[in-house]
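Each number in this note's numbering comes from the position in the sequence shown (counting from 1) with 77 added on.
Don't be surprised by glycine CBs; every beta carbon is placed ideally from N, CA and C.
Quantities reported herein were computed from a predicted structural model and do not represent experimental measurements.
This report concerns only the one structure given below.
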Amino acid sequence: MKTKMLILGGTAESRQLASALDKRFGDGAHIISSLAGRTKNVPAIPGEVRVGGFGGKDGLSAYLKKENINLVIDATHPFAEQISNNAAYAANKTGVPRVLLQRPSWRLPENCDALFVPDMVEAASIVARTARKVFLTIGVNELAAFSHIPKVHFVVRMIEQPETEPPLDDFEIIYARPPFNINDEQKLMRQHDIDVLVTKASGGAATFAKIEAATNIGARIILIRRPPPPDGDIVSGIDGAVKWIEKSISLL
Ligand code: NAP
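Written out as structure tokens, the structure reads:
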């Protein structure tokens, strides 16, 4: 019988994992990738793709049971705290093995001017006091904290056009999808005369270039600290996830 694997996705790693599992297990696996449905133009993913929330932690528990899911791989973004907590809860409740595929944290350059803050409100308060031109790479949902900050120009990077206008006084939007490279990042920050970069401390290679670029041009970096992961198994990297899955299958 096929092993039914649910990948909680919405990241480049989750798509890479779906490909790796498809290659590794072929017909032996039924791979389902789950997306929240926040972005419209999602790159192709091997296997089945389902879109939309489960209806909270109990909805996800019910889904795991109803669909006879054998394994759950949480490959969501490090800041997608709710779905990760729901996955940990649902796995515990149903007894379905679950693992968190964790993105490696960034190792910041020694000469960078970086400041870690707990949340967007703290970041916005520092921006209001110290910045002129800010590069905001925080996604569409967190912009409200930066509304009504006078005399600051925001360069906001997003993947897709937002449904509503950003709630900022003075801004421009740049549309782009990672990965990014250091030359382009540096050019962009120089072009816009950026003095502060605000970003989630998401980790991973695909977006690290902005940290190096900001360091090279002498811009200050405000990093929102990662939320702690829920309890349970953690692996880093696609190979680690595949190994965890191989071991878990042998124990099913
Ligand atoms: P979140 O706050 O942790 O989750 C909010 C709700 O969205 C969840 O309770 C769940 O709804 C639904 N949801 C989230 N991820 C889902 C998934 N993979 N499949 C099905 N439902 C999902 O999540 P978020 O921070 O809004 O992120 C949403 C998605 O975007 C995630 O899949 C994440 O990987 C991706 N993403 C997030 C960020 C970020 O900075 N947060 C950045 C890049 C990509 P129900 O309770 O109804 O099940």
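**Asked** In terms of alpha-carbon separation, which member of 271, 305, 306, 303 lies closest to residue 290?
**Response** Measuring C-alpha to C-alpha distances from residue 290 to each of 271, 305, 306, 303 identifies 271 as the nearest.
**Message:** Looking at the strands, I want to know which residues DSSP matches up with residue 125.
**Reply:** 109
**Request:** Taking only the alpha-carbon atoms, compute the straight-line gap between residue 296 and residue 244 and give it to the nearest angstrom.
**Result:** 24 Å
**Item:** Proximal residues to residue 109 (C-beta, below 8 Å), its chain only, five neighbours per side dropped
**Value:** 81, 82, 83, 84, 124, 125, 126, 127, 144, 146
**CB contact flag (residue 292, residue 186, <7 Å)** = yes
**Asked** How should residue 160 be labelled, buried or exposed, when 16 other C-beta atoms within 10 angstroms of its C-beta is the threshold for buried?
**Response** buried
**Inter-residue CB distance, residue 86 and residue 112 (contact presumed, cutoff 8 Å)** = Contact between residue 86 and residue 112 holds: CB atoms are separated by about 6 Å, below the 8 Å threshold.
**Message:** Rounded to the nearest angstrom, what separates residue 226 and residue 215 at their Cα positions?
**Reply:** Going from the Cα of residue 226 to the Cα of residue 215 covers about 17 Å.
**Request:** Look up residue 276 in the DSSP assignment and give the residues it is bridged to.
**Result:** 214, 300
**Item:** Rounded C-alpha distance that separates residue 67 from residue 208
**Value:** No answer is possible for residue 67: it lies beyond the span of the chain, which begins at 78 and ends at 329.
**Prompt:** Ordered along the chain, which non-local residues of its own chain (more than five positions away) have a Cβ less than 6 Å from that of residue 286?
**Reply:** 257, 258, 259, 262
**Message:** If I measure Cβ to Cβ from residue 219 and keep anything under 6 Å in the same chain, skipping five residues before and after, which residues do I get?
**Reply:** 197
**Per-residue DSSP class, three states only, for residue 234** = strand
**Request:** For residue 85, verify whether its CB is less than 6 Å away from any heavy atom of the ligand NAP.
**Result:** yes
**Prompt:** If we count the other Cβ atoms within 10 Å of its Cβ and call it buried at 16 or more, is residue 92 buried or exposed?
**Reply:** Flag for residue 92 reads buried.
**Message:** Given the structure, does residue 115 come close to the ligand NAP, in the sense that its CB is under 6 Å from one of the ligand's heavy atoms?
**Reply:** yes
**Straight-line Cα distance separating residue 155 from residue 304** = 7 Å
**Prompt:** Nearest to residue 90 by CA position, among 152, 78, 249, is which residue?
**Reply:** Per the C-alpha coordinates, the member of 152, 78, 249 positioned closest to residue 90 is 152.
**Asked** Just reading off the beta strand (DSSP E) that residue 81 is part of, what are its end residues?
**Response** 80-85
**Prompt:** Taking Cβ positions, are residue 319 and residue 167 nearer each other than 7 Å?
**Reply:** no
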